[in-house]
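Chains as they are written, first to last, in our numbering: chain E, 1 to 599; chain X, 600 to 1198.
Written out as C-alpha cells, the structure reads:
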C-alpha cells in the first residue's frame, strides 16, 4: 500500500483546546496579526505601493521589490485566523487590502508593484532573481487560504489571472525560467488542487525541470561571483541533487515543491533526491534546535557538520520551511521521523522566532548569544514575521495524517478534531500538557463501530512509555515506522492513554561537529534547553557537566508565561536552564545551548 | 555522502573465535559438507549426471533438471570452508567434481546436464522456466568462490564460457529472456566484479529490464493457470514493483540482483522499487522468525498480513535469501534496520533450517507443528540443504560494513577481523556471548592513530544499553540510522564495551495479522522462542499469558547444545520455552511460537 494517499486533517477541522498552542493562537491574534497589519499599511509602504501601482496614490515605489509577498503572507495568516475565529473587522481589513491588490493588477494579469511602477526602468521577466515568481507564489497561497476561510474568491481570481499570465510568458517554446527564489512550484500545486486544472501541475513540474541546466540569469545570484547557481539550487538538475546547499529558505521551498509534484506523479528520481537531501539536511546540517543555515553570507550552508553556535544563521523562515517540508515527507512516507522534525521546529527552532508576547521576531536564531542579539518588531526584509504569522495559526494542520485505513497522530496537542476514515466519521480529542508532561489522553467519538488503525507517533526522543486502552494497560504495542500501531474495532467513547517518559536528557551533537566537541545540550521531551546569564550570573561561564551531574526539572508558572525549568547541579554551582524558544524575553543577556562536558 | 561505497569486510578476513557461530562452522565442516557430498555423489546421481553428460558414464539422466545447481552450491560452501580452513582432502574432492563438471561442458560453452543429455528431447533455451539460467548463476557463484579460496580458476573458466554462451544466445537483437528462477542477475554482477568485464553488468541489467513485458514463456510458470507471470515476478517491470508476490526465493534473488545493479548504476526507480518491496515484505509479509512465504502452493505469498502459523511455508532458502537481500540493502543505505533483519534470519528463520548436529534440514519452517514435521537429510529438490551449506560458512561476511570513513559493526559475533579504513589498517576483535548475553567487548589494534567512525548497531529489539570507552562510561552516544556513532582519533588498544540489555520480552504481531490475534510471542535479544510439548506436557495447550506473567531465563548447558531457556509462570503452570532455531532436535513433539494472551 502506497503511503501517497496520506493527507493532513486540515487545521480548520482541528479545534485547539486550552493549552500551550491555544495560547500561541491567542497571541497570534492579539499581537502578531496587528503587528503585521501595522507594518504593512502604516509603518511601511507595502500597502500603499499597491495603491500607487493602481494609480490611486501619488508617489514612488518605496521598499524592496519583493515586499508585496509580505502582504500576501500576512493575508494568509489572517485567513487562517478567520477560518477558526471569524472576526468581521479583521475580515474587512483583509478585504480592503485585497481591493487594493486587485486594483493594481495589470490588464494582462501581471502584478508586482515594483515593476508596474517601473522602478529604475527594470523590465519584467528578465532577471530571474527579482522575486516576481516568488510574489506570485505567495499570492496564490494567500488567495487560496482566503477563499477557504471566507468563501470569497476575488483574491483567488487575481491570483489565477497572474498565474495564467506567467504561464503565457514562460514554458516550452516560450521563455526559459528558473525561479530565483523557489516558492511558486509548491503554490502551483496548491492551485492545481484548488482549481482542478492540470496546467498548473504541469507548470510546476516544468519549473522544477528547468533547474540545473544553466538557464538561470540575473545579477542578484547567477551574476554574483561568490554565490552562483548553487545559491538558488540551480547548479544541478533536481533529479541529481544530493546535498543541501545555498540559501536555506529557497532550498526548503524547493524541496516542498519536489514533494508536492512527486506526490502527484510518483517521480522516482524526485523521491530519491528528497531522501538524499533529507539525510544531508537533517543528519549533517541541522542544529539541535532544528535550525538550518550556518552562514550569514549566503543565508545558507557552508559544509557538512559545520555548525557554529554564535554565528549560526538559522533563519526563522527556514525553520518554518523545515516544518513545511518534513510534514510533506511524512505524508509521502508515513514515517514518524519526519513528524519528529516538525515537532522539533514547533517547540524550538521556529517557535524561538517570535517573542512570548507576539510582538517581536527573530530573523536569525543563534545557539550562542553575547547578549546583543534581540528580536525586532519588523525588518526591512520582513519574511520572518510574516512567515510566523501564517505558520502559527496553521499548526492544527500538523496534528494528524489520515487515509482510508487509519489515522496517524503526529503531534500531541490538546484539541478536538473531526475526520473521516473510510466510511467512519471520527472525532478525536486529545488532552495533555505538552511540552511539559508526556501524558496524553485520546478519546474517540464515533457514530458507529469502525475498524481502523490508530497510529500514535513514538517520538525519537522517547525511550520509555506506557500505553493503556480503556483503562487497562496495553502491553507491547506493535511499533512500525516510528508509530505505535493499534488496529481494532473502535467504539464510541474508546480511550487511549499514552504516557511518554520525559526525563531530562543530555545529548551530544554528531561527533563530527567540531563546534560542539566536548559539550552537551540538555533536552526534556521535545524541548531543547538553554542557559541565559540572567539566571546564572555566577555559573554561566564556569558550569561544566560531568557524567555525575544531576538535573532537577521544576514548573515555574510565573516565569516566561509558564515554563518547566531545569536546574543542573554542577561543581561550579547551579546552572538554570530554560526552554530555548523562551530566550531573549527578558533583559539582554548572554545565552548558550551547548554546555561544556567532561567525560 | 552516498552510502553506495559501503562494502562488507569479506568473511575471509574475519576469523571467528570460540562461541556460538564458530560451533556452527565446526558442524558445517563436520556434518553439513559431508551430507552434501554424500547426497550429490553417492545417494543421488547429481555428480554422475555430469559424467554421463560428458559421455564418461553410461545411463540416463536421473533427477530433476535443476539438480546441477545443488552441486554448484555445495561447491560454493566447500570453497568458503576451504578459504578459512584449508583441507587438502576436501579440496581434492572439489577438484574431482570440477573436473567432472568441466568435462560435461559443450563446445559452445553450454552446460546443463538435463539438456545436454536430451531428456524428453527438450530443446535448450526455449522454456524459460527450465532453470538453465539458474544453474549458470549458481555455477558462477561457486566458481568465483572456489577461485578466491584456492586460487584455482578452472571452474571459473567453465563458468565464463557458459556465461559467454548465454550472452551470445540472448540479448538485444537476439532472443528475449526472462529468467524463470531469478539468480543469474546477481551472479552476473559478481562476475563483472571478478573479471572487470562490463558486459556482464550490462547483461544483468538487460535481464532485469526484460521482466514484466510479457516476454516470459514456459509451461512450468507462465503456462500454468493458477501461477502465471506473477509467480516469477514477471507481471510488471521491475521499476514498477510495489509488493512482494509469487515464489519467495525467486523474489529474494531478484531483489538481490536489483540491489547489485542499483549499487553500480544508482538507478532511482530500482531503489524506490526496493524500498516499496522492503516495506511490503518486512512490514506486511514476514513472520516473526524472519520466515517468508505463507503458501505451500506457490511457495510464496498470499495476501498482506496473512501469516498462518501451521501452514507457514517459510522456505529455508527464502530465509537465507532475506539475509542476502537485507545485507545488500544495508550496504546501499547504511541503515541498521536491514542488519536487524539479517540478525533475525541468522538466529531464527534461517538457522532453524539445520539440525543442531548439521545432518538434517528443514525445507519448510512452520511456527506451529502438530508433531509430524521433521528435518530430513535431503530432498528431491535439495536447494535448502545446499543453501545452508553455502550460507553458514559465509556468516563472517555479515559482521562488518566499511568505507573510507568508518566501520559499521552489524553483527555481534566473537571474532577478529582485519580491515582497511582510508589509510588505516585496523584489526577489530569482538568478544561476547551472543545470543545469550548482550555484552560485547570490542578492541582495536592499529599500527598508528587514525580518525574514523565506529558505528555500533543498536538492534531494534534493544531498549536499553550501556556504552563504555576505555573503561569509562560513555554517556549519550550519538545515534543515527540505528547505529551508535563514535568518531574520534583511535589508538592501538582502544576498547569499547557495549552492553545491550536483554530482558525477556513479549511481542505482538502486526495487529492486522488475524492469525496471531490474542497471542504474543516471546523474545530475548535476537532470539524468538517457542514451546515444544516435550517440555510442557501439562501446559502446552493450556498455558495463557497475561500482563502479569513473569518469565525466568536460565542457562542450560546440557540442553540442545547449550541454550538459554525461558520459563513462563502462568496460572496453568509453567511453560518452558526454547529458542525457535533449536526445535525438532529431540523426540517428535508439537511446537508453537505464538502463545495465547489475555489482556
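The beta-carbon is built from N, C-alpha and C at its ideal position, and this holds for glycine as well.
For residue i, three-class secondary structure by DSSP
{"i": "residue 1195 of chain X", "result": "strand"}
{"i": "residue 558 of chain E", "result": "coil"}
{"i": "residue 564 of chain E", "result": "strand"}
{"i": "residue 1130 of chain X", "result": "strand"}
{"i": "residue 1030 of chain X", "result": "strand"}
{"i": "residue 455 of chain E", "result": "strand"}
{"i": "residue 501 of chain E", "result": "coil"}
{"i": "residue 229 of chain E", "result": "helix"}
{"i": "residue 665 of chain X", "result": "coil"}
{"i": "residue 749 of chain X", "result": "helix"}
{"i": "residue 391 of chain E", "result": "helix"}
{"i": "residue 1120 of chain X", "result": "strand"}
is_contact[residue i, chain E] using C-beta, thresh 8 Å
{"i": "residue 1105 of chain X", "result": "yes"}
{"i": "residue 859 of chain X", "result": "no"}
{"i": "residue 1096 of chain X", "result": "no"}
{"i": "residue 870 of chain X", "result": "yes"}
{"i": "residue 808 of chain X", "result": "no"}
{"i": "residue 604 of chain X", "result": "no"}
Cross-chain neighbours of residue i in chain E, by beta carbon under 9 Å
{"i": "residue 936 of chain X", "result": "Per Cβ cutoff of 9 Å: no residues; residue 936 of chain X is ~10 Å from chain E at best."}
{"i": "residue 1119 of chain X", "result": "475, 476"}
Chain X within 8 Å of residue i, Cβ atoms only
{"i": "residue 230 of chain E", "result": "no"}
{"i": "residue 488 of chain E", "result": "yes"}
{"i": "residue 283 of chain E", "result": "yes"}
{"i": "residue 599 of chain E", "result": "yes"}
{"i": "residue 516 of chain E", "result": "no"}
{"i": "residue 268 of chain E", "result": "yes"}
Rounded distance between the beta-carbons of residue j and residue i, thought under 8 Å
{"i": "residue 703 of chain X", "j": "residue 649 of chain X", "result": "4 Å"}
{"i": "residue 1144 of chain X", "j": "residue 1166 of chain X", "result": "About 12 Å; that fails the 8 Å criterion."}
{"i": "residue 739 of chain X", "j": "residue 766 of chain X", "result": "Not quite, the Cβ-Cβ distance comes to about 12 Å (not below 8 Å), so this is no contact."}
{"i": "residue 111 of chain E", "j": "residue 184 of chain E", "result": "With a Cβ gap of about 13 Å, residue 111 of chain E and residue 184 of chain E do not count as contacting."}
{"i": "residue 1034 of chain X", "j": "residue 1124 of chain X", "result": "5 Å"}
{"i": "residue 1082 of chain X", "j": "residue 1056 of chain X", "result": "6 Å"}
{"i": "residue 256 of chain E", "j": "residue 177 of chain E", "result": "So it is not a contact: roughly 18 Å between Cβ atoms."}
Buried/exposed call for residue i, threshold 16 Cβ in 10 Å
{"i": "residue 627 of chain X", "result": "buried"}
{"i": "residue 1003 of chain X", "result": "exposed"}
{"i": "residue 92 of chain E", "result": "exposed"}
{"i": "residue 555 of chain E", "result": "exposed"}
{"i": "residue 355 of chain E", "result": "buried"}
{"i": "residue 309 of chain E", "result": "buried"}
{"i": "residue 118 of chain E", "result": "exposed"}
{"i": "residue 107 of chain E", "result": "exposed"}
{"i": "residue 888 of chain X", "result": "buried"}
{"i": "residue 279 of chain E", "result": "buried"}
{"i": "residue 85 of chain E", "result": "exposed"}
7 Å Cβ cut-off: residues of chain E touching residue i
{"i": "residue 1146 of chain X", "result": "473, 475"}
{"i": "residue 1000 of chain X", "result": "Correct list: empty, because the minimum Cβ distance to chain E is about 16 Å."}
{"i": "residue 896 of chain X", "result": "Neighbours of residue 896 of chain X on chain E: none; closest Cβ ~24 Å, over 7 Å."}
Amino acids of chain X, ordered along the chain, whose beta-carbon sits closer than 8 Å to that of residue i
{"i": "residue 569 of chain E", "result": "Going along chain X, no residue has its Cβ under 8 Å from residue 569 of chain E, so there is no contact; the nearest lies around 16 Å."}
Neighbouring residues, chain E, relative to residue i (Cβ below 8 Å)
{"i": "residue 1110 of chain X", "result": "453, 478, 485, 486, 487, 488"}
{"i": "residue 939 of chain X", "result": "In chain order: nothing, as chain E lies at least about 12 Å away."}
{"i": "residue 1024 of chain X", "result": "Residues of chain E passing the Cβ test: none, with the nearest at roughly 22 Å."}
Neighbour list for residue i in chain X, Cβ cutoff strictly below 9 Å
{"i": "residue 422 of chain E", "result": "Those within 9 Å of residue 422 of chain E in chain X number zero; the least Cβ separation is about 14 Å."}
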